[in-house]
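Using the working numbering, read the sequence shown as starting at 121 and increasing by one per residue. Below is one structure, written out as structure tokens; comments come after it.
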Amino acid sequence: MADVVSEPKSALNELRAAKSPEKTAESPLQVMEPAPSRAALPPAPRPRSPKRDLAQMPTAVIILFWTLQFIGFSLDRLARAPEGESWSTIQSRVIITALGVLISLVMLKVLRSSASLSFFKRALVAITLAMVAAALHGVINMLVFWTINGPPPGETFSFEAIAPYLPSLIFFFSWVYLAIAIFLLSITYGENLLQQERRIAELVGEADRARLSALRYQLNPHFLFNSLNSAASLVAARRNRDAEAMLENLADFLRSTLQLDAEKEITLRDELALQSLYLEMEQIRFPHRLRVVKEVSEELLDVLVPNLITQPLIENSMKHAVAHSTRRVCLSIIAREVGGKLRISVKDSGGNAGIITGNGLGLGLQNVAKRLKIHFGEEAEFQAGPTADGGFESQMAIPSRRGR
């Protein structure tokens with residue numbers, strides 16, 4: 121565990137060096153390698169889409185069903201009347217089997233196109249399709265067999281000769297196509313439910329993204345006001361050089377943070393670098409009251425966190441402890457990995473500012489809790505409150521995932 125006790129000076133010195141004539145005028149944070157987002161992580165093997173599987177299943181079942189029908193009829197004919205089986209009979213049966221597959225696929229297409237209808241109306245459509253399909257199949261079945269194999273002995277090829285055979289044949293295929301219609305109706309209804317769930321999930325995702333952006337934009341004016349107010353206080357105290365340094369740091373901080381997407385995560389390394397800029401601004405304001413302790417091991421620096429998630433926690437300590445204390449306040453930023461979760465604690469010693477009282481959490485801490493809830497759901501933990509020694513501590517726990 122690396123225990124770093126720092127008065128936040130190093131990043132400020134780097135910024136000053138970066139603004140020297142020998143080097144580029146850009147801040148180090150501006151050229152920092154972009155932090156990986158969830159989309160930038162190495163792609164994991166993508167599971168098959170349930171929607172895609174369900175869309176392909178009806179066609180496969182239809183083909184399998186009619187193939188089994190063909191095999192069953194052929195074996196039955198071979199068992200009962202092997203002398204009647206010939207190449208022309210098998211050829212006719214293949215054509216009728218293909219017809220069954222084609223009619224069933226048309227039924228599937230029609231039922232999918234009726235997705236906007238109520239379930240009752242779709243059921244009526246399915247029954248109607250089954251009856252029409254049975255009649256069509258029965259008629260074509262007779263025409264194909266009599267055309268290829270010829271009519272039975274003593275019969276002539278005419279509608280009057282075919283008609284007596286149709287009722288029983290259509291009755292048989294009615295049950296076949298009713299079974300197919302019920303199956304297809306169930307499948308297409310399930311597809312519609314999955315599509316609705318996907319649309320709902322997309323809408324929820326859009327809402328979450330909008331909420332994350334709103335929470336970030338709530339913090340930005342709040343932080344900006346506090347920083348500009350601090351700079352104004354330095355100017356009023358005729359500490360113009362310190363005010364200039366604070367405004368330069370503020371510009372660098374805002375330039376870096378405004379480029380961040382509210383949805384995206386950054387590494388803990390980058391998060392701490394951004395907060396160092398903020399702490400340097402506060403160090404200028406309170407040079408003798410702020411002591412920063414960071415306890416972050418090297419292996420945790422690549423863990424991903426929501427960007428600026430620790431900003432409100434640190435700002436809370438600055439506002440309620442450092443700003444109201446006449447003694448030096450120790451601000452501790454501690455990160456540990458426990459049970460597969462990254463646990464971050466921001467704690468201040470309170471100085472002599474007194475124990476914070478009040479109802480609930482302030483806006484900044486509430487936003488942290490909401491952002492964690494949106495990002496990680498029930499996997500996130502957050503709590504904040506006074507400590508026994510008169511300070512205040514905020515703690516969060518999030519799933520430990522590493523970026524680059």
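For glycine and all other residues, C-beta sits at the position ideal for the given N, C-alpha and C. All of these numbers come straight from a predicted model, not from anything done at the bench.
Kindly indicate the opening and closing residues of the alpha helix (DSSP H) around residue i.
i	result
Q486	483-496
S376	360-377
P432	431-437
N261	239-269
A235	Per DSSP, A235 belongs to no alpha helix (DSSP H) and is neither H nor E.
A281	279-282
Given this structure, state the Cα-to-Cα distance separating residue i from residue j, to the nearest angstrom.
i	j	result
T248	I268	30 Å
L286	L314	41 Å
G484	R319	32 Å
S228	L374	It is Leu, not Ser, that sits at residue 228 in the sequence shown. The alpha-carbon atoms of L228 and L374 are separated by roughly 57 Å.
I191	M262	19 Å
A253	A218	14 Å
G220	E322	38 Å
T144	L367	Its pLDDT being 36, under 50, T144 is placed unreliably by the model, and nothing is read from it.
P519	A393	21 Å
S147	N346	Only weak support exists for where S147 lies, its pLDDT of 34 falling under 50; the value from the coordinates is given anyway. Answer to the nearest angstrom: the Cα atoms are 22 Å apart.
L492	L462	13 Å
L198	S236	47 Å
A352	D362	11 Å
I260	F293	12 Å
M401	L370	7 Å
Q515	A365	31 Å
With DSSP as the reference, identify every bridge partner of residue i, one or two as the case may be.
i	result
T387	L424
L410	V449
E402	Paired residues: none, contrary to the question.
E501	A517
P506	F512
R318	According to DSSP, R318 bridges with nothing at all.
In the DSSP assignment, the beta strand (DSSP E) including residue i goes from what residue to what residue?
i	result
A517	512-519
S465	461-468
Contact check, residue i vs residue j under 8 Å by CB: the rounded distance?
i	j	result
R409	S445	6 Å
F185	R213	About 15 Å; that fails the 8 Å criterion.
N487	P432	6 Å
E385	L420	Rounded, the Cβ-Cβ distance is 14 Å, inconsistent with contact.
E513	S465	6 Å
E415	I454	4 Å
V449	G470	7 Å
T308	L231	5 Å
task: Within the region 185-215, note down every full alpha helix (DSSP H) run reaching 4 residues or more, in order along the chain.
output: none
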